[in-house]
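Under full-length UniProt numbering, the first residue of the sequence shown is numbered 1, with each subsequent residue one higher. Heads up, the beta-carbon is just placed ideally off N, CA and C, and yes, glycines get one too. Worksheet: the structure to be examined is printed underneath.
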Amino acid sequence: MGSIDNKPIKVFIDCGSACNFLHPSIAHQLQLKVSNAVGIQFHSASGEPLRPSGMVHEVKISIQDYSFTSSFLLLPVTGCDLVLGAPWLDTLGLIAWHFQEKIMGFFTNGQFHVLKGLTTTHQSTHTQELFALIPSTHWDSTAQTLIPTNPPQSEPHTPPIQALLDSFPDIFSQPVSLPPARPIDHRITLIPNTNPINVRPYRYPHSQKAELEKQVAEMLSSGLIRPSSSPFSSPVLLVKKKEGTWRFCVDYSSLNAATVKDRFPIPVVDELLDELHGATCFTKLDLRSGYHQVRMAEEDIPKTAFRTHEGHFEFVVMPFGLTNAPSTFQALMNQVFKPFLRKSVLVFFDDILVYSKDLQSHVVHLREVFALLRSNLLRLKMSKCRIATAQVDYLGHVISSLGVAVDPTKVQAIQAWPKPTTLKGLRGFLGITGYYRRFIHNYGVIAKPLTEMLKTENFIWTPASHSAFDELKHALMTAPVLALPDFSIPFIVETDASGLGIGAVLSQRKHPIAFLSKPLSPRNQVLSVYDKEMLAVMHAIDKWRPYLLGNPFTIITDHQTLKHLLDQRISTPSQHKWLAKLMGYQYTIEYRLGKLNTVPDLLSRRHEMCSIQTISAPVFDGLAHITNACLRDTEAQTIISQLQQGLPSKKGFTLHNTHLLYKGKFFVPLSSTWRTKLLYEFHSSLQAGHSGFLRTYHRLSRNFAWPGMRKEIKLFISECDQCQRQKYETINPPGMLQPLPIPDNTWLDISMDFVDGLPLSQGHNAVLVVVDRLSKYGHFIPVSHPYTATHIAEAFMKEVFRLHGMPKSIVSDRDPIFISHFWEAFFKLQGTTLCRSSAYHPQTDGQTEVVNRSLEHYLRCFATDKPASWSSLLHWAEWWYNSTYHSTIKMTPFQAVYGTPPPAISSYLPGSTSVNAVDCALKNRDELLQLLKVHMNQAQNRMKQQADRHRTEREFAAGDWVFLKLHPYRQRSLLKHPSHKLSPRFYGPFLIQKRVGKAAYRLSLPTSCRLHPVFHVSLLKKRIGGGTPLTTTLPEFDDQGELLWRPVRVLDMAVIKKKKRNTTQWLIQWHGLPTADATWEDAHTIKARFPTFGA
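Structure below.
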């Protein structure tokens, strides 16, 4: 957009134009000095000659922040006001273009300028530009192709009409001043004793503040509004238009509720249309911003006040959205055109129709109308006017020299109803026709062939049913069914929405006036039910605006939430848009049960019931291949030959046509590859789902059979690698219990473990548990996490070594402390053997695990109320454990170590201890240890027998291939929603290198794997099947044996709101996982966890 002397103009930059052109109407409006352009002629792209009507010189043009002066030829260009061609572009030098964004940049006079073009998706602008390139002889056919509905002017104006338009250019221009004060200015009469209406403003986003400021500034500069100090205030809405711009609206709903409604007589459409008899030439005129051409009464201006973040303002002209605005506008139009009403002019609100018997009289009538518009300072919008045409759409009717016809769109929903192809579709059609059966003469007789089709097994279209279907549609579209509107009584708008479409009926006194049915676009099909129902209401009101504007009407919907639209606070952009479209209408919303909302419901579902319904299904085409395989197989060919000759053959075989059957099913020969294909299809495919034997057998045996099929199915399933990896074993845990050897003396063989995750207590949050394997005596040592091998070794020396000396062996799990280099080196120097459990088999250190549970139980009982006091109870827990009877050794651990029962905690009594008794206890020390070993051996045998009842024996040999179970592992990751449910149950297969002990094996793992290669037999499963297996890679693990997640790269970035703060997230692809498993992670978390990772 640009301007000449502050007059807005539309500029078109055309690098293919040989000259710069200006529209003659612009030169006339600005009274520019025009000189002759003799001997200059151009041709359009279609070859038609174009002759300029003159030339203007030294015209200053402003385009955004760039201004220049140039000369222009006057030519009636289409679609714009000014064309800048090659002569202007030559003055700019180097130019940068971005055609997609419609941006150009250039240097001139040492300054860089950027011009941004208009972006629009509206069809009419493009077609108007295209019409300038097409010969006039082809305009009619082109218009029908390009614009199937509501075409623009289909042919150029005749010379008399064009001359008339040129003589009244001012009535088509933008208003440059406020409309004059007239006897009919808009007044707002409030109900007596009404307080000033003051509604709290709506909240709008920060991005809209600049647009509000801009539009308020424009209205202030044009004089449409002025600053206000009124006690009235209504909220402001910004509604986005289709082309991307914003419409400024004020919500006057509260003010309207307190306004006394006008009772101005609205013209009756039937009476208006009766005046058109004999007319052959028509013009429909549309006022430019019609409401803004009416002044507000001075005393009522404060009532229009609205508030923005910049201040308080009020309208000087009549704004949109006031309840009595249509009546005021109708009264003004009646007063202005009173001399010609019902003679050559019809007025229905802002729809002005000029009609005449011939073109000559039409020019006279138009001149009279234009003169009235000029004298009353009323302006028209040329793009919305239809001038001197033989046919025009007016008030829902098509008017032509042939008379007045019903608008086809009113009955299009019925006329386009296709022939039902299902019983559901037929019931829907009979439902809508039956609803209006009282208006259709002999309805039951006409519909009988169709009702007969509803009977069982009788859905067949006959000539009689075809005739009944067409006759019912015709009856529904003609009188007396389709009534004419009566504006003296309220209208009823019934709407409904379904998954695929919307439907509506306009009626009065249950008599239909128009139908509406429209399919929903894919974008609208995903809307919520609330939005779809509101879309149906909006579309119906927009479609039937000539009937509803200025008249009270009722909206009936089967969506109960819409009933409260007028009462709820408007907060969403969609509600802003709806409210803006409903401004100025007088309506109420009523709720009706869906089962009673028959006709709109059927109209909305017409696209579901009558659409083409198809079902696609896979078709098996392998029977011909199986039959050919039988002809090539020796055994099958022999059986076929015997059956054809009537000779005895193998039991179960028959011949049907050319197919060999076994037990009534298709036989698949052994030499054919189809046995393997069928087994794969019925077991390993998506529809088979790797089912077990019984399900696979029943699925396959429905159509196919061969001798030994059960055995082959079992073998195929047992050798399926995927099943071996993913399915659990329905057997007792493999591997018999292997008790540790009984120590020779106390505190020579010990076990140790940690109790982690305790609350902080006196600087400690963990406990080191040390247990003597023979006496079961334990020490509980508080430690602080994080701890190192050095700290634990120091604590061991202080609390255990100083009391019992250095042990010969230590049994532990694979905690990082116990597998550290310091720990191994320290105890190697002391001559102590370190015995650690195999990977993922903590049961090896079962003794300490049991003591851990006992300690946790004790602390939980006594420190529940004060969890931070557990460290002060630790010495009591140690005494309790060591002085409590142990079922394995059949005595207390204290007695097992010291040879005497633990002393009772009581007050001291002198002389109560006998030295002779102590001596006897020391003499019996060796006997006590021997008894202790006997008891332990008995306990181990009892535990082994009990455990082995629920276990199975399993052994492997070196060289066997086995699957490895890693299911009990802990997977620690950054993933927000880690799901190990679908992780493989087994990995591998891997090769066994050798046997370690009685129940463990060393596997040949990948060199990159950080897992200990020795595993308990319960974690292994032998691979079934021949051939060299494809060894799968293991997931990555850290030094603690936990699954390691490592980011590879960032696939995408996003900013989300989390707890009202902007948070950057990265879409991370993890090592070893496909891009489909990428997850969104917080950027700061990734940076903290992986400092070396570069995004």
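Where does R1049 fall in DSSP's three states?
It is a strand residue.
With a cut-off of 8 Å on the beta carbons, I'd call S228 and D251 a contact; round off their distance for me.
Incorrect: roughly 17 Å between the Cβ atoms, too far for contact.
On the criterion of 16 or more Cβ atoms from any shown chain inside 10 Å, does D166 qualify as buried, or is it exposed?
So D166 ends up on the exposed side.
Look up Y881 in the DSSP assignment and say whether it is helix, strand or coil.
Note: Y881 maps to helix in three-state DSSP.
I need the DSSP call for P782, collapsed to helix, strand or coil.
If DSSP states are grouped into helix, strand and coil, P782 belongs with the strands.
Taking only the alpha-carbon atoms, compute the straight-line gap between N703 and T696 and give it to the nearest angstrom.
If I take the Cα positions, the gap works out to 12 Å.
Whose C-beta lies closer than 8 Å to the C-beta of S684 among residues of the same chain, with five residues either side of it excluded?
Here the set comprises H690, C720 and Q722.
Helix, strand or coil for residue 1157 per DSSP?
Since the first and last residues shown for the chain are 1 and 1095, residue 1157 lies out of range.
Out of N256, A1078 and Q215, which one is the CA nearest neighbour of W1066?
Of N256, A1078 and Q215, the residue nearest in Cα terms is A1078.
Please confirm whether D753 and N882 have their CB atoms less than 8 Å apart.
No, these two residues do not count as a Cβ contact at 8 Å.
If we ignore side chains and look at the alpha-carbon of each, how far apart do Q762 and S872 end up?
Cα to Cα, Q762 sits roughly 8 Å from S872.
With a threshold of 8 Å, are at least 3 pairs of Cβ atoms found where one atom belongs to the segment 544-559 and the other to the segment 485-494?
Short answer: they touch.
Flag this pair as yes or no: are the beta carbons of V363 and I352 separated by less than 8 Å?
The answer is no: Cβ separation not under 8 Å.
Excluding the five sequence neighbours on either side, which residues of its own chain have a C-beta within less than 6 Å of the C-beta of L285, listed in chain order?
Cβ neighbours of L285 beyond the five flanking positions: I352, L380 and C385.
Using beta-carbon positions only, say whether A668 and L661 come within less than 8 Å of one another.
Before going on, a small fix: residue 668 reads as Val here, not Ala. Not in contact: V668 and L661 (Cβ atoms no closer than 8 Å).
So V767 and G778 are supposed to be a Cβ contact under 8 Å. How far apart are they, rounded?
So it is not a contact: roughly 11 Å between Cβ atoms.
So, at 7 Å on beta carbons, what are the nonlocal neighbours of W88 in its own chain, with the 5 sequence-adjacent residues on each side left out?
These residues qualify, in order along the chain: N20 and S70.
Can you tell me where the alpha helix (DSSP H) holding F682 begins and where it ends?
Looking at the DSSP string, the run of the alpha helix (DSSP H) that includes F682 is W674 to H683.
With distances taken from CA atoms, which of F682, P743, S356 and T259 is nearest I713?
Closest option to I713, Cα to Cα, is F682.
Report the rounded CA-to-CA distance for V1055 versus L535, giving the unit in angstroms.
The alpha-carbon atoms of V1055 and L535 are separated by roughly 32 Å.
State the CB to CB distance for the pair A636 and C630, rounded to an integer number of angstroms; the pair is presumed to be in contact (CB under 8 Å).
Correct: roughly 4 Å between the Cβ atoms.
Please look up how many angstroms separate the CB atoms of F986 and K1021, rounded, as I've assumed it's under 8 Å.
Indeed, because the Cβ distance is near 6 Å, the residues count as touching under 8 Å.
From A1088, V1048, S222 and V354, pick the residue whose C-alpha is nearest to that of D393; which is it?
Ranking the options by Cα distance to D393, first place goes to V354.
Which runs of the alpha helix (DSSP H) spanning at least 4 residues fall entirely within the segment 317-401, listed in chain order?
List check, alpha helix (DSSP H) in window: 325-336 and 359-375.
By the 10 Å Cβ neighbour count, where 16 or more other Cβ atoms means buried, how is S672 classified, buried or exposed?
Flag for S672 reads buried.
Leaving aside the five residues before and after F337 along the sequence, list all residues of the same chain whose C-beta is less than 6 Å from its C-beta, in chain order.
Here the set comprises V345 and V347.
For P180, collect the residues of the same chain with a Cβ closer than 7 Å to its Cβ; drop the 5 residues on either side in sequence, then sort them by chain order.
Around P180: L377.
For A896 and S775, which I take to be in contact (beta-carbon distance under 8 Å), what is that distance rounded to the nearest angstrom?
Yes, they are in contact, since the Cβ atoms of A896 and S775 sit about 4 Å apart, within 8 Å.
Mind reading off the beta-carbon distance from M318 to T328? Whole number of angstroms is fine, and I expect it under 8 Å.
So it is a contact: roughly 7 Å between Cβ atoms.
Where DSSP assigns a beta bridge to R295, which residues make up the other side?
DSSP lists V317 as partners of R295.
Pull up the CB-CB distance for L115 and M104, whole angstroms please, since I reckon it's below 8 Å.
Going by Cβ atoms, the distance from L115 to M104 rounds to 5 Å, so yes, they are a contact pair.
Give the straight-line distance between the Cα atoms of P183 and F340, rounded to the nearest whole angstrom.
Going from the Cα of P183 to the Cα of F340 covers about 20 Å.
Note down the Cα distance separating V83 from L164, rounded to an integer number of angstroms.
Each residue's Cα considered, the two are about 25 Å apart.
Which residue or residues does DSSP assign as beta-bridge partners of W1070?
According to DSSP, which records beta bridges pairwise, W1070 is partnered with P1047.
Tell me the DSSP secondary structure of E457 in three-state form.
DSSP places E457 in coil when its eight states are reduced to three.
Spatial neighbours of W578 within its chain, please: C-beta separation below 7 Å, excluding the five flanking residues on both sides.
Closer than 7 Å at Cβ, skipping near neighbours: M534 and M538.
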